[in-house]
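This report concerns only the one structure given below.
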Amino acid sequence: MTNLLNRVWAKVEGLHEDVSPHHWRLPSSYSASSKGGRTTVIPHPSVFRNALISNPGSPGGAAPDGRPVYPDISHAAVHLALLECFRNLRHSAAELGIKLHSPPAPSYDFNEKKPQRTPTFEREAESEQWNLLIHLAITRFQTWWTHLDQVFNHAAAYTHHGGNRAVVQLNKDYLPPLDVLLVWYAFMLEPEEYQRACIECEMPHLTKLCFPWPAIRDLIDFDTMTLTITRPAESLFKNLTEQSADILQYIQAPPAYTEPSMLSPTIDFFTLVKKQDPFLDLSHKLLWIRSPALVGSLERSFEAYFDAQSTNNLFFMSPNAIVFGIDLIWRTHRLYPAQYSDFREAISDTAPPDQLSRPVLDLPQSSQPNKRSPSLPPPQPSGTTCLCWTCERLRDDLPTFSLSPKEEPLANPAAAAGPPPSPPPWSTSSYTTPSTSQPWDPRQLSSLSSEQLHYIKDDLGFHHAVEAARRQGLTLPTRPPTAKEKEAERREKQRRESAGRGSPLFPDVYVDMGSSSKWRKWSRKKEDAEICV
């Protein structure tokens, strides 16, 4: 039956060659997963495999192409999932049950004459609830930070067995609750502020602490995009702070007093956290973590990010001009302060003097040197190129593909918490291109074969069907494995079979052997490596 539908669909595709990809009619008939049969898992677990933590004592560590070992696309993938967890935490703020100080007058339906809660009222209520949750999370974070040295001492005593050069990292039994993690996340994204606080609190070793990606990966439920810490972590947090790990329980029985904070009162934590709202909204709108082009999107973002770093373009662009993917990788990089600091020092030593005196730009300068492959276009300013599932999936096969964004403005970040809009933000067929955009040119896809277009549309249709079923609480649909999936499964099987020939804890890395720009592969020795605990 599936083969018949595919043949019919292949004929239908020919009728839509001149239609913009944003208006493609995608296949939607897929069978539900049967008991004991193939299970649909999106995103695939393999994308998170390399979310490991490298040793900050080896700043020269890099891949053969010169890219640092950290960050990797696996870290960025976990980052995307964590952003969804943060956004779901914002939804949970509604459970706080806060009432508005001045609720608007109720509106009435003309026929039923019954009061209604208007969308404006809902948004304002959710915003106020979210603001309160942030304030509570800040208080909890400051208490946790005060006891962070005790966390490290416990980790070093009970789980850390590295050499003198090893760096303690936090495993899943030492993670704070999600609300505290959010404040830590926002704080660490301000490198200078974070480093100054670590020094003032006499905890400079915190700058060598990477955001705990492996632990976060192990704790996230990728189906519901929620993060729940382990019972040992709950007990540790409660013993150290005398607070419940569950913020909702904490509200019901708050402590009689709070300890004075070690952190400077001049740090505006509330603003730091609220600054993340637009990025949370944009990440959810694009929903790359569920996209059929997840790996390709992250790979392209990495290449664009390191190109921008090598030319210092990032520091001469307004925030609104930074493309989402580049911003994601940049954030991921800054969440390992020691590695990022070493990387920036190395970049600054090699940057031409003229690149350190350019004015701030709203758009990247097209005249800047470009080291990218000729097959890849330079990064476009934010808002000029669409980053939806369809466009990103097309770029997997056609890297130069470009299309104007779909006309769908983001909601007010302060009031964006709430159920997903209808149509969903990751949908393509429900949007229209802006009237000011260039008309669709079908010749852009002329180099793609009908078979390629068929597979692209099938990927898009299947992932849309899976996400729609997930949001409706239905059994996820399935499909036979594609050629790409079969190849990935074959490589994964080979990797598992060869895993015994090396230590999974200390994988091979590459280190800079000097100014010759040559790279030598070496096996990281235990006494020189960090232990992720």
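Take the sequence shown: its letter number 12 is residue 3 in the working numbering, and every next letter is one higher.
Ideal placement from N, C-alpha and C gives every residue a C-beta, glycine not left out.
Bear in mind the structure is a predicted one, so any value in this text is a computation, not a measurement.
- Going by C-alpha positions, Ala295 is about 10 Å away from Ser301.
- Between Cys189 and Met253, the C-beta spacing is not below 7 Å.
- DSSP places Thr130 within a helical segment (H, G or I) once states are collapsed to three.
- The C-beta of Ala148 has fewer than 16 other C-beta atoms within 10 Å across all chains shown, which makes the residue exposed.
- Within the same chain, Cys76, Leu169, Leu210, Ile211 come within 6 Å of Leu218 by CB-CB distance, once the 5 residues on both sides are set aside.
- Per DSSP, Cys189 is one residue of the alpha helix (DSSP H) stretching across 182 to 191.
- Ser395 and His445 have their alpha carbons spaced roughly 23 Å apart.
- Contact check for Ile129 against Leu166 fails: the beta carbons are separated by 7 Å or more.
- Under a 10 Å Cβ-count criterion, Ala68 is classified as buried, with 16 or more other Cβ atoms of the shown protein chains found around its own Cβ.
- For the pair Phe260 and Val174, the CB atoms are nearer than the 7 Å cut-off.
- Around the C-beta of Thr232, 16 or more other C-beta atoms lie within 10 Å, and the residue is accordingly described as buried.
- In the structure shown, Val32 falls within a coil segment according to DSSP collapsed to helix, strand and coil.
- Phe293 counts as buried, since no fewer than 16 other beta carbons sit within 10 angstroms of its beta carbon.
- Per DSSP, reduced to three states, the secondary structure at Pro205 is helical.
- A residue is called buried when at least 16 other Cβ atoms come within 10 angstroms of its Cβ; Ser226 does not meet this threshold and is exposed.
- Look at Pro468 here: in three-state DSSP terms it is strand.
- Scanning its chain for C-beta atoms nearer than 6 Å, with the 5 sequence neighbours on each side dropped, one finds around His66 the residues Ala42, Trp204, Thr323, in chain order.
- Under a 10 Å Cβ-count criterion, Glu183 is classified as exposed, with fewer than 16 other Cβ atoms of the shown protein chains found around its own Cβ.
- Put simply, of Ala244, Arg208, Trp121, Arg386 the residue whose alpha carbon is nearest the alpha carbon of Gln267 is Trp121.
- In the structure shown, the three-state DSSP call for Asp63 is coil.
- Counting along the chain, Ser24 sits inside no alpha helix (DSSP H), nor does DSSP assign it H or E at all.
- Per DSSP, Val314 lies in no alpha helix (DSSP H) segment and is marked neither H nor E.
- According to DSSP, Asp212 shares a beta bridge with Thr217.
- Distances from the CA of Ile44 to each of Leu467, Leu200, Phe132 were compared; the closest alpha carbon is that of Leu200.
- Setting aside the 5 residues that flank it on each side, Arg335 has no residue in the same chain whose C-beta is closer than 6 Å to its C-beta.
- The three-state reading of DSSP puts Gln463 in coil, since its state is none of H, G, I, E or B.
- A Cβ-Cβ separation of about 6 Å places Leu378 in contact with Leu277 under the 8 Å criterion.
- Taking a contact as a CB-CB distance under 8 Å, the pair Ile33 and Leu289 does not count as one, their CB atoms being some 15 Å apart.
- Counting only runs of 4+ residues, the alpha helix (DSSP H) found wholly inside the region 218 to 281 occupies 222 to 232, 238 to 243, 260 to 265, 268 to 277, in chain order.
- The residue from Arg486, Thr466, Ser393 with its alpha-carbon nearest to that of Ala23 is Thr466.
- Collapsing the DSSP output to three states places Leu80 in a helix.
- Excluding the 5 residues flanking it on each side, Asp387 has same chain C-beta neighbours closer than 7 Å at Ala284, Gly287, in chain order.
- Under the DSSP assignment, Asp432 falls outside any alpha helix (DSSP H); it carries neither an H nor an E label.
- For Met179, the enclosing alpha helix (DSSP H) begins and ends at 169 to 179.
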